[in-house]
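K.L.:
Let me give you the structure first, and then I'll get to my questions.
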Amino acid sequence: MQLPILFGKNVRNYRKANGLTQEQLAERVNVSMETIGKIERGAAAPTFTTAERIAEALDVPVAVLFGADESTALPGERGRLTNRINQLLSRSNNEQLARINRIIEAFLGL
């Protein structure tokens, strides 16, 4: 998949996940709604500054919008811990994963 198309698809998905319209995202990024539409369709590639503003507005690492795995794109201690947890989980069988899931849900009060 071409990078502008991948970037645009990810912007659209994260925008919708955040409950934002194209107009609302455009306002937050300080670009036109038409620009957001072109970016989402892959018809235009954003500048680095615009890509950073979009990522900030969507509260996601900019690398994720370019296709990086979200867990590996997390900065600092949070990223290190997330990666370690993922490594441990990848070694678990289905029964262990189910137990871990119940423990996490209980811990978080879900």
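Quick note: the sequence shown uses this note's numbering, first residue 56, plus one each step.
We put the beta carbon where it would ideally sit given N, CA and C, even for glycine.
1. Check whether the Cβ atoms of residue 63 and residue 94 lie closer than 8 Å to each other.
2. Using only CA atoms, which one of 59, 61, 96 and 60 lies nearest to residue 77?
3. Straight-line CA distance for residue 99 to residue 67?
4. What residue does the alpha helix (DSSP H) around residue 103 start on, and which one ends it?
5. Return the residue from the list 60, 72, 61 and 105 that minimises the CA-CA distance to residue 82.
6. State the DSSP-derived secondary structure class of residue 85, mapped to helix, strand or coil.
P.N.:
Concretely, from the data shown:
1. yes
2. 96
3. 14 Å
4. 103-113
5. 105
6. coil
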